[in-house]
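In my numbering, the protein residues as written are 16 to 551. Quick reminder that beta carbons are idealized off the backbone N, C-alpha and C, glycines included.
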Amino acid sequence: MMSNLLLGEIPRNLSHCSELRIINLSLNQLTGNIPDELGLLKKLIGIDLSQNNLTGSIPTSLGNISTLENLYFYQAGLSGKLPESLRQTTRLSSVRLSGNNFSGTLSVFFNHTYLENLAVAGNQFEGSLPADFGITLPSIQLLLLGLNQLTGTIPPSIGNASQLVSFSIAENYFNGLIPDNLGNLKKLQRLSVGFNELGVNRISGSIPRGISNLLNLKNFEVYLNLLTGSIPDEFGKLGQLNQLVLSGNILSGIIPSSLGNLTKLNKLYLHVNQLSGGIPASLGNCHSLQMLEISNNKLNGTIPKEVIGLSSLSILLNLSWNSLTGPLPSEVGKLTHLTTLDISNNKLSGEIPGTLGDCQSLEYLSVSNNSFRGLLPSSLRNLRGIQVLDLSHNELFGEVPEYLENLIGLKLLNLSFNSFEGKVPNNGVFANASGVSVIGNKLCGGIPELRLPSCPIHVTNDNQKKKSSATLIVIPTVSVIGVAIVITLSWLALICSSVNPNDRMVISEVLTELHEIRELLVNGTTLKVQNQSNLG
Numbered sequence: 016m017m018s019n020l021l022l023g024e025i026p027r028n029l030s031h032c033s034e035l036r037i038i039n040l041s042l043n044q045l046t047g048n049i050p051d052e053l054g055l056l057k058k059l060i061g062i063d064l065s066q067n068n069l070t071g072s073i074p075t076s077l078g079n080i081s082t083l084e085n086l087y088f089y090q091a092g093l094s095g096k097l098p099e100s101l102r103q104t105t106r107l108s109s110v111r112l113s114g115n116n117f118s119g120t121l122s123v124f125f126n127h128t129y130l131e132n133l134a135v136a137g138n139q140f141e142g143s144l145p146a147d148f149g150i151t152l153p154s155i156q157l158l159l160l161g162l163n164q165l166t167g168t169i170p171p172s173i174g175n176a177s178q179l180v181s182f183s184i185a186e187n188y189f190n191g192l193i194p195d196n197l198g199n200l201k202k203l204q205r206l207s208v209g210f211n212e213l214g215v216n217r218i219s220g221s222i223p224r225g226i227s228n229l230l231n232l233k234n235f236e237v238y239l240n241l242l243t244g245s246i247p248d249e250f251g252k253l254g255q256l257n258q259l260v261l262s263g264n265i266l267s268g269i270i271p272s273s274l275g276n277l278t279k280l281n282k283l284y285l286h287v288n289q290l291s292g293g294i295p296a297s298l299g300n301c302h303s304l305q306m307l308e309i310s311n312n313k314l315n316g317t318i319p320k321e322v323i324g325l326s327s328l329s330i331l332l333n334l335s336w337n338s339l340t341g342p343l344p345s346e347v348g349k350l351t352h353l354t355t356l357d358i359s360n361n362k363l364s365g366e367i368p369g370t371l372g373d374c375q376s377l378e379y380l381s382v383s384n385n386s387f388r389g390l391l392p393s394s395l396r397n398l399r400g401i402q403v404l405d406l407s408h409n410e411l412f413g414e415v416p417e418y419l420e421n422l423i424g425l426k427l428l429n430l431s432f433n434s435f436e437g438k439v440p441n442n443g444v445f446a447n448a449s450g451v452s453v454i455g456n457k458l459c460g461g462i463p464e465l466r467l468p469s470c471p472i473h474v475t476n477d478n479q480k481k482k483s484s485a486t487l488i489v490i491p492t493v494s495v496i497g498v499a500i501v502i503t504l505s506w507l508a509l510i511c512s513s514v515n516p517n518d519r520m521v522i523s524e525v526l527t528e529l530h531e532i533r534e535l536l537v538n539g540t541t542l543k544v545q546n547q548s549n550l551g
């Protein structure tokens with residue numbers, strides 16, 4: 016009766032079903048305590064009350080069921096200490112109690128020789144692991160103890176748990192050193208020991224070359240510790256590896272090209288270390304890789320087109336805070352399923368390739384603090400899902416593209432410290448001053464909250480048009496009159512030479528007046544043209 020939205024309490028009269036072998040009431044909305052009467056079901060093999068809203072603790076009576084093999088109470092709302100009577104359930108093979116509020120110790124389970132799965136993560140269990148637990152739990156395959164309050168050291172006897180496949184003690188208070196004999200666990204696929212107090216403050220030393228012996232290892236996560244030295248080439252021999260997380264250490268040297276052999280790898284986190292050299296092009300062979308995080312290192316060289324064009328990348332590609340140079344390869348357009356791309360704080364240059372617009376699943380894109388130059392490609396209008404776009408601190412220029420205001424999902428836009436010029440749009444993300452930064456450009460306009468200068472108004476005045484037209488008329492008219500006067504002056508001068516003295520005096524006076532008129536016309540026209548020029 017799993018997942019039927021059952022309400023109310025678990026019926027106590029279930030105990031009358033004496034032949035009952037399995038109770039599965041998971042994924043419902045049951046409340047109240049687990050009835051003590053269930054302990055009367057002497058043939059019960061499995062009970063699953065997971066993902067309900069129960070209260071109280073595990074009843075002591077369940078320890079009376081000697082046939083019990085599976086006990087599933089994860090995320091059931093239970094609390095309290097484990098009943099000592101569970102020591103008697105020696106046939107238990109699978110116990111899942113994660114996601115409750117249990118307290119006390121786990122000692123009731125450490126003598127169960129048939130126990131294969133013990134998942135108790137996310138509770139308040141305390142105490143330490145017994146020195147011989149790797150021997151007393153010879154069948155253990157899955158041991159998930161994370162997110163509790165466990166203390167003490169990891170007993171070396173863990174090397175005897177030869178069937179162990181998954182071991183997690185992350186986010187507890189374990190201290191001391193990790194046993195050297197972990198390399199004996201040939202079936203180990205997942206190891207998680209982060210957020211403890213192992214080693215000197217945290218895990219120190221180098222990653223042992225013997226890691227290559229764990230041929231079935233699927234997850235290796237040792238982050239936020241004090242590991243030094245280089246990443247062993249031997250990781251390339253772990254063909255079953257799905258996740259490799261070494262971030263937050265002090266690792267140096269190069270990223271081994273042998274990691275390109277890990278064709279099943281879907282998560283590679285190497286960020287916040289001191290790795291140097293280039294990004295190996297061989298990573299382009301990791302065709303299952305969805306997340307690549309190698310930021311905050313000392314990597315240099317160009318971005319390999321084989322890596323930037325790895326179409327399997329769908330969640331994260333972060334190359335930021337390195338010293339990468341050269342252009343952003345056009346192969347970036349193959350990242351059609353990628354949601355987060357961060358190449359900020361490098362020394363990249365050239366233009367932003369138009370193929371970036373093919374990454375239509377992008378939600379976060381940062382190319383800030385590089386030396387990209389040129390116009391923004393019009394293809395960026397295709398980034399319909401973009402929410403954060405950071406183009407700041409580059410050498411980009413031109414007008415702010417209007418298509419940016421049409422990206423309806425865009426919440427944060429940073430264009431600051433480039434060479435953009437012209438008018439800032441008013442709509443879309445530009446309508447929210449807290450969502451856009453445009454300082455350090457040559458921009459104007461926009462909403463008042465941006466406090467940008469007003470854009471100049473380029474309007475031609477009608478009066479100026481009329482005056483300009485008048486000038487065009489006056490100049491040729493005056494020119495014609497001036498020519499007529501010159502001709503007249505010449506004609507009168509010719510006549511003057513052949514007339515008597517009295518008439519010559521009259522003509523001379525007329526010539527003088529015509530010269531003055533001519534000078535007035537010429538000077539006045541020059542003044543008129545200058546005035547019109549000043550008005551323009």
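(request) Closer than 8 Å by C-beta to Glu414: which residues in its own chain qualify, once you throw out the five before and the five after it? Chain order, please. (result) Phe435, Glu436, Gly437 and Lys438
(message) Tell me the DSSP secondary structure of Ser181 in three-state form.
(response) strand
(request) Pick out whichever of Gly443, Leu35, Pro471 and Leu332 has its Cα sitting closest to the Cα of His286. (result) Leu332
(message) Rounded to the nearest angstrom, what separates Leu160 and Arg106 at their Cα positions?
(response) Distance between the alpha carbons of Leu160 and Arg106: 21 Å.
(request) Whole angstroms is fine: what's the gap from Phe210's alpha carbon to Asn231's? (result) 24 Å
(message) Closer than 8 Å is the cut-off here; do at least three beta carbon pairs connect the region 294 to 310 with the region 236 to 244?
(response) no
(request) Report buried or exposed for Asn28, applying the criterion of at least 16 other Cβ atoms within 10 angstroms of its Cβ. (result) exposed
(request) Please list, in chain order, all residues of the same chain as Asn187 whose beta carbon is under 6 Å from its beta carbon, the five residues on each side excluded. (result) So the list reads Asn163, Leu165 and Asn211, once near-sequence residues are dropped.
(request) Pull up the distance between the alpha-carbon of Thr128 and that of Gln258, whole angstroms please. (result) 31 Å
(request) Count the other C-beta atoms from every protein chain shown that fall within 10 angstroms of the C-beta of Ile502, then say buried if there are 16 or more, exposed otherwise. (result) Confidence at Ile502 is low in this model, with a pLDDT of 45, below 50, so the placement of that residue is unreliable and no value is reported for it.
(request) Between the Cα of Asn447 and those of Lys426, Ser207, Phe432 and Asn234, spot the shortest distance and give me the residue it belongs to. (result) Comparing Cα positions, the closest option is Lys426.
(message) Within a Cβ cutoff of 8 Å, which residues of the same chain sit near Ile60, ignoring the five residues on either side of it in sequence?
(response) Arg36, Ile37, Thr82, Leu83, Glu84 and Asn85
(request) Out of Asn361, Glu366, Leu283 and Asn138, point me to the one whose CA is closest to Leu328's CA. (result) Leu283
(message) So, under 8 Å CB-CB, Leu363 and Asn385 are touching, yes? Tell me the CB distance rounded to an integer number of Å.
(response) The Cβ separation is near 4 Å, so the contact holds.
(request) Check whether the Cβ atoms of Leu64 and Ser41 lie closer than 9 Å to each other. (result) Yes.
(message) Based on DSSP bridge pairs, tell me the residues matched to Ala134.
(response) Arg111 and Leu159
(request) Let me know the secondary structure DSSP gives Leu197 once reduced to three states. (result) Correct three-state label for Leu197: helix.
(message) I need the straight-line Cα distance from Ile496 to Asn442, nearest angstrom please.
(response) For Ile496, the predicted structure reports a pLDDT of 48, less than 50, and the residue's modelled location is therefore unreliable. The matter cannot be settled from this model.
(request) Would you mind stating whether Leu314 and Leu280 have Cβ atoms separated by less than 9 Å? (result) no
(request) Taking the CB atoms as reference points, tell me whether Cys470 and Gly460 lie closer together than 9 Å. (result) Yes, the pair counts as a contact, with Cβ atoms nearer than the cut-off.
(message) Please classify Leu487 as buried or exposed, where buried requires at least 16 neighbouring CB atoms within 10 angstroms.
(response) Low confidence applies to Leu487: its pLDDT is 42, below 50, so where it sits in the model is not reliable enough to give any reading.
(request) Pull up the DSSP beta-bridge partners for Tyr284, would you. (result) Val260 and Glu308
(message) Looking only at its chain, what residues have a beta carbon closer than 6 Å to the beta carbon of Tyr87, apart from the 5 residues adjacent to it on each side?
(response) Asp63, Ser65 and Arg111
(request) Measure the CB-CB distance between Ile184 and Val215 and report whether it falls below 9 Å. (result) no
(message) Quick check on this structure: which residue in Val237, Leu130 and Leu395 has the alpha carbon closest to the alpha carbon of Leu371?
(response) Leu395
(message) Could you compute how far the alpha carbon of Ile490 sits from the alpha carbon of Leu428?
(response) At Ile490, the pLDDT of 43 sits below 50, so the modelled position is not reliable and the matter cannot be decided from this model.
(message) Assuming Gly149 is part of the alpha helix (DSSP H), what are its boundary residues?
(response) Phe148 to Thr151
(message) Let's see if you can read the secondary structure: which residues bound the alpha helix (DSSP H) around Ile323?
(response) Counting along the chain, Ile323 sits inside the alpha helix (DSSP H) bounded by residues Lys320 to Ile323.
(message) Taking CB distances under 9 Å as the criterion, tell me whether Ile462 reaches chain B.
(response) Chain labels in this structure do not include chain B; a single protein chain is all it has.
(message) Just verifying my parser: in three-state terms, what is the DSSP assignment at Gln44?
(response) strand
(message) Quick check on this structure: which residue in Glu141, Ser108 and Phe412 has the alpha carbon closest to the alpha carbon of Pro153?
(response) Ser108
(request) Could you spell out the range, first to last residue, of the beta strand (DSSP E) harbouring Phe125? (result) Where Phe125 is concerned, there is no enclosing beta strand (DSSP E), given that its DSSP letter is neither H nor E.
(request) Check whether the Cβ atoms of Leu307 and Leu290 lie closer than 9 Å to each other. (result) no
(message) Within 10 Å of its beta-carbon, does Ser113 have 16 or more other beta-carbons around it, so buried, or fewer, so exposed?
(response) buried
(message) Between which two residues does the beta strand (DSSP E) holding Asp405 run?
(response) Val403 to Asp405
(request) Could you have a look at Asn395 and say whether DSSP puts it in helix, strand or coil? (result) Note that residue 395 is Leu in the sequence shown here, rather than Asn. In this structure, Leu395 counts as helix in the three-state DSSP scheme.
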